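Okay, structure first, notes after.
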Amino acid sequence: MGRNAGRELVSSLLGLGLLLCSWGCPGSAERRPPPEKIAVIGAGIGGTSAAYYLRQKFGKDVKIDVFERGEVGGRLATVILQGREYEAGGSVIHPLNLHMKRFVKDLGLSTLSASGGLIGVYNGEKMVFQESSWFVINMIKLIWRYGFQSLRMHMWVEDILDKFMRIYRYQSHDYAFSSVEKLLHSLGGDDFLGMLNQTLNETLQKAGFSEKFLQEIVAPIMRVNYGQSTGINGFVGAVSMTGADSGLWSVEGGNKLVCSGLLQASKSNLIPGSVMFIEDKTRTRNTGDTTKMYEVVYQLGSETHADTYDIVLVATPLNQNMSNITFLNFDPPIEEFQQQYQHIVTTFVKGKLNTNLFCSRCSTNFGLSTILTTDTSKLLVNNFGLVTSVNEQNHILPSRDGTGVWKMFAQETLTKRQITKLFDSYLHASKQPWLAYPRYQPPEKCPSIILHDRLYYLNSIECAASAMEMSAIAAHNAALLAFHRWNGHKDMIDQEELYEKLKTEL
Ligand SMILES: Cc1cc2nc3c(=O)[nH]c(=O)nc-3n(C[C@H](O)[C@H](O)[C@H](O)COP(=O)(O)OP(=O)(O)OC[C@H]3O[C@@H](n4cnc5c(N)ncnc54)[C@H](O)[C@@H]3O)c2cc1C
Ligand SMILES: *[C@@H]1O[C@H](CO)[C@@H](O)[C@H](O)[C@H]1NC(C)=O
Ligand SMILES: *[C@@H]1O[C@H](CO)[C@@H](O)[C@H](O)[C@H]1NC(C)=O
Ligand SMILES: *[C@@H]1O[C@H](CO)[C@@H](O)[C@H](O)[C@H]1NC(C)=O
Ligand SMILES: *[C@@H]1O[C@H](CO)[C@@H](O)[C@H](O)[C@H]1NC(C)=O
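In the working numbering, the protein residues as written are 567 to 1072.
Pasting the structure below:
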């Protein structure tokens, strides 16, 4: 049989399938009319990508309102220093973050490479590790100090990433999960769930990594990415380790452009208000029929408004200090959310770093563009990194004497005095405070994704790991889940052995 004939056979079988299915196939049975109105609360990467996926699934007729009380982009934001914009929140994206990659492509945006120059690790007394511009020398240095630990680390991370990437396959086949635990289990089985229950420290010690490697390499990476140490859960630890891979990138013009782009592409309606209450309401029509709706009460300027929706997606951390949304009239009541978030101040200083702090004889030949710190460093600052603006395509040139625009993450706002200690001289300083990501404390108990019948919570995924791609995955999942539950497609939710099933499928 020729290739074309084969293809024809396949397509006629597919055609037959479609024909048969129009009389009712399992799962795709008769479709309910689409919902009239959907509300999304929050216009960060989670909320805006949810709007995008909701539009794809529910079609052009549904009205989608996106509520945002601050700036579109949320934790993706830039600060301006002397007329140039720099990423102040979520900044780098992994080359295998396929949703983010897809958004950038679909929206016609451009990318910048985030190659960061040479890295050093400071322990409070000296540099314990210093990268060289020679790959071979780095390998020798790493092996000399840590044996083959860094190679093993690479393999450990790769193995987890490999399993994690199954999510793209599941989502492209429209499968959804009703809880973060079920989603993780479908990707990496009990191993992934176990990682939520253990500290990264425990996880890696069991895997045979040395204390020295944990303190000097792993902990500094956790400090820069999550402002915490190896006491965080093993899963977010692995996500954080992928931040040490090569090929990281960001969006030209600022990562937040993805959010405004998705919002526009989804043809949803942005309401610049602050949501205060969500109430479960039952409406009785003249005919005696009842419909269940959610009422969203929000503040717009000094006025209070209310609107009703068939489906609501909450795309912001539910925590009194952050979104402070009150749920009214739900039976059973919706729990209080207690997840604490880590306070982080992103600080930019344009000036000359006091390189003597880190090494005594390198003032004219410093050459590093990133300094990470160990838990013993006691510097007030978790890390230092030379940065370029969101419009500069060129790579960072390591400044020989430490002059440039430095970005730092600190637990608190730095005082002028503290900045003067860290810098020989500086011209400008700028800061942006965040409640940045959960304060991880395994065993993690993840909040529900389904808060009520048609009320979904995207940011529950942050209990496993907080990152742009995680929010996009949660958004895709929530849109699919809302769609399947609306249409009664039970067979598309929480399928077990999905990996095996899809492997044998054409
Ligand atoms: C300093 C820092 C560095 C980071 N670095 C990286 C990185 O390099 N790579 C990476 O992948 N991730 C990084 N992250 C994490 C990443 O930024 C977040 O995981 C992601 O942006 C979260 O997106 P989100 O849409 O889920 O939430 P958010 O961006 O927080 O969006 C929620 C939105 O909801 C709005 N909102 C809240 N309450 C209400 C209300 N009641 N009514 C109306 N609107 C409301 C908020 O104003 C906000 O805009 C970093 C985060 C920080 C803070
Ligand atoms: C993780 O810990 C919880 C209790 O906190 C327990 O119920 C669950 O079974 C544990 N899961 C695994 C995979 O160890
Ligand atoms: C890891 O845990 C061990 C004991 O459980 C502890 O001694 C060590 O200091 C921890 N290491 C780090 C880097 O936190
Ligand atoms: C949260 O909202 C409630 C009711 O709207 C309000 O009384 C309370 O002061 C708010 N809390 C914070 C921390 O903003
Ligand atoms: C909210 O902020 C207060 C004061 O900073 C803090 O004590 C409390 O733990 C925070 N709550 C959460 C859930 O983060």
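Where a beta carbon is used, it is the ideal one built from N, C-alpha and C, also for glycine.
Just so it is clear, the structure is predicted and the values come from calculations on it, not from any experiment.
In this structure, Asp873 sits near Lys603, with a CB-CB distance shorter than 9 Å. For Phe903, the shortest separation between its Cβ and any heavy atom of ligand 5 lies below 8 Å. Between Phe633 and Tyr864 the beta-carbon gap is near 6 Å, inside 8 Å, which marks them as a contact.
Around the CB of Arg789, 16 or more other CB atoms lie within 10 Å, so the residue is classed as buried.
DSSP, reduced to helix, strand and coil, places Leu814 outside both helices and strands of the structure shown, so it counts as coil. As DSSP reads the structure, Thr848 sits in a beta bridge with Lys858.
Counting the other CB atoms within 10 Å of its CB gives Ala773 a total below 16, which places it among the exposed residues. One alpha carbon belongs to Gly917, the other to Pro786, and they sit about 24 Å apart. Each residue's CA atom was taken as its position, placing Ser996 and Val645 some 8 Å apart.
Per DSSP, Arg732 is one residue of the alpha helix (DSSP H) stretching across Arg732 to Ser738. In the DSSP assignment, Glu653 falls within the beta strand (DSSP E) that extends over Arg650 to Glu653. A Cβ-Cβ distance of about 6 Å is found for the pair Gly610 and Arg641, placing them in contact under the 8 Å criterion.
Ranked by Cα distance from Leu923, the first of Phe893, Arg668, Phe758 and Phe989 is Phe989. For Asp756, the enclosing alpha helix (DSSP H) covers residues Val746 to Asn763. When DSSP states are grouped into helix, strand and coil, Lys778 belongs to the helix group. Per the Cβ contact rule, the segment 824-838 is in contact with the segment 614-627 (3 or more Cβ pairs under 8 Å). Here Pro1004 is buried, its C-beta having at least 16 other C-beta atoms within 10 Å. Taken from the Cβ of Asn885, at least one heavy atom of ligand 5 lies inside 8 Å. Judged by DSSP secondary structure, Asn885 falls outside any beta strand (DSSP E); it is assigned neither H nor E. If the five residues before and after Arg1020 are omitted, its C-beta is found closer than 6 Å to the C-beta atoms of Ile877, all from its own chain and listed in chain order.
About 6 Å separates the beta carbons of Glu697 and Asn704, which is inside the 8 Å limit, making them a contact pair. Per DSSP, Ser996 is one residue of the beta strand (DSSP E) stretching across Phe989 to Pro1004.
Counting the other Cβ atoms within 10 Å of the Cβ of Trp815 gives 16 or more, which makes it buried. For Ile646, DSSP records a beta bridge to Glu651.
The C-alpha of Asn895 is placed about 31 Å away from the C-alpha of Met1036. Annotation for Gly951: the continuous beta strand (DSSP E) segment containing it runs Val947 to Leu952.
One Cα belongs to Cys925, the other to Met693, and the distance between them is close to 7 Å.
Looking at the backbone, the Cα of Arg621 and that of Glu1062 are separated by about 27 Å. Going by C-alpha positions, Lys1056 is about 14 Å away from Asn1043.
Membership of Lys973 in the beta strand (DSSP E) is indicated by the continuous run Thr969 to Ala976. Contact check between the segment 844-859 and the segment 798-814: fewer than three CB pairs, one atom from each, fall below 8 Å, which does not count as touching. For Ser744, the closest alpha carbon among the candidates Ala1045, Lys1069, Gln1007 and Glu1071 is that of Ala1045.
In terms of Cβ geometry, Val670 and Val805 do not form a close pair [threshold 9 Å].
Taking a C-beta distance under 9 Å as the contact criterion, Thr808 and Met842 do not qualify as a contact pair. Within the DSSP secondary-structure output, His1018 pairs in a beta bridge with Leu1021. Around the C-beta of Trp1052, 16 or more other C-beta atoms lie within 10 Å, and the residue is accordingly described as buried.
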